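First the structure, in the form of C-alpha cells, and then the observations on it.
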Amino acid sequence: MAIPQRGEIDADIGGERRTLCLTLGALAELEARLQAGDLVGLAERFSSGRVSARDLTAILGAGLRGGGNAITDDDLARVSIEGGLKGAAEIAARLLKATFGESA
0 MAIPQRGEID ADIGGERRTL CLTLGALAEL EARLQAGDLV GLAERFSSGR VSARDLTAIL
60 GAGLRGGGNA ITDDDLARVS IEGGLKGAAE IAARLLKATF GESA
C-alpha cells in the first residue's frame, strides 16, 4: 500500500495493484534516460504538458522500479494499463504530482 508522505502512489498495471515511487535512484535514471541534465530540467520538461509515449514508459518504469517492482521498460510496454494511454498519462501525472508537488 502506498505511503503518500513518501511520494508513493498505487496504480493498476498489468492486472495488479502496484506501488510506484520516484526515489532518488529513479529520478537519476529519468535524468539520464531523458537527458534532462538535472532535477530542475526534469521538472520543467514534465510541467510543459508535452509528454511522449517514450516519456510515459520511462516515468512509469522508473516509478515502478522505485516502488520495488522488478519490471523492465520493455516488459512494461507490453502490459495492459487500465484506461489505456489516457490511464497511463493519468498515473504518470499523479506520480509526478506526488514527487514534485502541484507544479508538475
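Using numbering that gives the first Met the number 0, the first residue of the sequence shown is number 0, and each one after it goes up by one.
Idealized CB from N, CA, C, for every residue including glycine.
Treat the numbers as computed from the prediction; the structure is a model and nothing was measured.
Buried versus exposed call for ARG64 [16 or more other C-beta atoms within 10 Å across all chains shown]: buried
Jot down the residue ranges of each uninterrupted alpha helix (DSSP H) in the region 15 to 53, minimum 4 residues, whole runs only, in chain order. 23 to 33 and 38 to 46
Would you call GLY60 buried or exposed, if buried means 16 or more other Cβ atoms sit within 10 Å of its Cβ? buried
Cβ-based burial, GLU15 [other Cβ within 10 Å; buried from 16]: exposed
Check GLU7 in the structure and name its three-state DSSP category. strand
Using three-state DSSP, classify ILE2 as helix, strand or coil. coil
Cβ-based burial, ALA57 [other Cβ within 10 Å; buried from 16]: buried
ARG53 burial status per 10 Å Cβ neighbour count (16 or more: buried): exposed
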